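Heads up, the thing below is written out as structure tokens.
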Amino acid sequence: MKKSVKIALIILGIMILSVPLGLLTDAPAWGEWDNDYYKKVLGFIPKGMESFNSFIKPILPDYSVPGKSDVFGYYASAIVGAVLIFLVWFIIGKIIAKKKIER
78 MKKSVKIALI
88 ILGIMILSVP
98 LGLLTDAPAW
108 GEWDNDYYKK
118 VLGFIPKGME
128 SFNSFIKPIL
138 PDYSVPGKSD
148 VFGYYASAIV
158 GAVLIFLVWF
168 IIGKIIAKKK
178 IER
């Protein structure tokens, strides 16, 4: 395995292991605000956000898995997210490599 791949996997592992640090605060995670948060902080709900929360439904609301601890939900979300991001970049890399070979 290349040294750069090993370093990337170590960094990814550290990031996944540090996920539960978000449980130490009561503040919502960046970008995960509901309409009440916008109303409280901004004094109004942005026009485009009024119906957005009813349009998008999370797979694991509040990072929770029924019957499991909060920490398990955080780790499950981190692992699923990391795998999905890896797959997207892997596919993009394969497409780019294929185009370079065709030239």
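Position one of the sequence shown corresponds to residue 78 (our numbering), numbered consecutively onward.
By construction, the Cβ of each residue, glycine as well, lies at the ideal position given by its N, Cα and C atoms.
Given the structure is predicted, the values throughout are model-derived calculations rather than measurements.
Starting from residue i, trace the alpha helix (DSSP H) both ways and give me its first and last residue.
| i | result |
| --- | --- |
| Gly144 | Gly144 -> no alpha helix (DSSP H), and no H or E assigned at all. |
| Ser81 | 80 to 94 |
| Leu181 | No answer is possible for residue 181: the residues shown for the chain start at 78 and end at 180. |
Using three-state DSSP, classify residue i as helix, strand or coil.
| i | result |
| --- | --- |
| Leu101 | helix |
| Ile178 | helix |
| Ala193 | The requested residue 193 is not part of the displayed model; the chain covers only 78 to 180. |
| Lys171 | helix |
| Ala159 | helix |
| Leu164 | helix |
| Lys124 | helix |
Count the other CB atoms within 10 Å of the CB of residue i; is the residue buried (16 or more) or exposed (fewer)?
| i | result |
| --- | --- |
| Gly150 | buried |
| Ser154 | buried |
| Val160 | exposed |
I'd like to confirm something about residue i: is its beta-carbon nearer than 7 Å to some heavy atom of the ligand PLP, or not?
| i | result |
| --- | --- |
| Leu161 | The model depicted lacks the ligand PLP and carries no ligand whatsoever. |
Quick one: any contact between the stretch 165 to 178 and the stretch 110 to 117, if contact means 3 or more CB pairs under 8 Å? Output reads no: the stretch 110 to 117 does not touch the stretch 165 to 178.
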